[in-house]
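First the structure, in the form of structure tokens, and then the observations on it.
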Amino acid sequence: MTNTTRRTALALATLALAGLAGGPSPAAAADPVRVGLLSLTSHAPSILAAGKGYFAGEGLDVGFVSFQAAQPMAVAIASGDVDFGVTAISGSLISLAERGVVKVIGGALQETEGVPGQKILASKAAHDAGLATPADLAGKRFGITTAGSSFHYMAHKIADGAGIPRDSIELV
């Protein structure tokens with residue numbers, strides 16, 4: 125996969141997986157919509173918007189279903205447990221999209237050269253112990269949500285970008 129293709133796939137997959145139907149009819153506008161979100165602060169704006177009544181003000185009855193990782197959300201969309209999801213790329217998303225079970229309808233993240241779309245965080249203790257650059261992750265533990273998740277993918281991208289072997293980072 126080329127860098128352009130990867131960037132495009134990531135951009136499209138971040139706001140992925142609606143594809144269950146076209147636009148709602150006016151009569152269906154009041155029907156509840158179940159939206160899958162990751163349990164991350166990056167998804168807080170949607171919850172805040174609901175709390176402030178923005179969706180209700182537009183005649184939308186939005187309910188949120190929280191997921192710990194992107195992969196189970198893709199499966200939930202395919203099964204109809206949620207109507208729409210805002211997530212990142214995962215192995216199951218790619219597989220389900222290739223089979224036509226889910227449709228990617230937009231994207232929210234663009235990887236642009238020199239503009240990191242994601243941040244790498246280290247605790248103060250780890251930083252004080254010498255973890256100052258991505259290359260310093262070799263021999264360290266790196267937290268991901270689950271195997272095959274978008275964070276798993278990002279860990280490999282970090283290793284590749286830092287010029288260290290992927291297996292030199294312990295994924296936990």
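All residue numbers for the sequence shown refer to my numbering, where the first residue is 125 and numbers rise by one.
Positions of the beta carbon are idealized from the N, C-alpha and C atoms, including for glycine.
Simplified DSSP assignment, three categories, for residue i
i, result
"S190", "strand"
"G160", "strand"
"E294", "strand"
"G209", "strand"
"G285", "helix"
"G204", "coil"
"G230", "strand"
"T165", "helix"
"S214", "coil"
Proximal residues to residue i (C-beta, below 7 Å), its chain only, five neighbours per side dropped
i, result
"G263", "S292"
"I282", "I244, P258 and L261"
"L295", "F266, I268, H276 and A279"
Beta-bridge partners of residue i, as assigned by DSSP
i, result
"D185", "P156"
"R265", "E294"
Residues of its chain near residue i, where Cβ-Cβ distance is below 6 Å and the 5 sequence neighbours each way are ignored
i, result
"P280", "The residue asked about is misnamed: residue 280 is His in this sequence, not Pro. For H280, where only same-chain residues beyond five positions count, the Cβ hits under 6 Å are R290."
Which listed residue (the options) has its alpha carbon closest to that of residue i
i, options, result
"D207", "I218, V225, S216 and I213", "V225"
"G285", "D155, E237 and L162", "E237"
"E162", "A221, G204, V189 and K227", "At residue 162 the sequence reads Leu, which differs from the Glu that was named. The option with the nearest alpha carbon to L162 is V189."
"A200", "V228, S170, R223 and V159", "V159"
Same chain only: Cβ atoms within 8 Å of residue i, ignoring 5 sequence neighbours per side
i, result
"G272", "Q195, S214, G215 and S216"
"D185", "A154, D155, P156, V157 and F179"
"A198", "A140, L141, G209, T211, S214, S216, L217, L220 and V226"
"G287", "A259"
Distance cut-off 7 Å: residue i Cβ against heavy atoms of the ligand SAM
i, result
"G272", "For the structure depicted, the ligand SAM is absent and the ligand set is empty, with no information on it obtainable."
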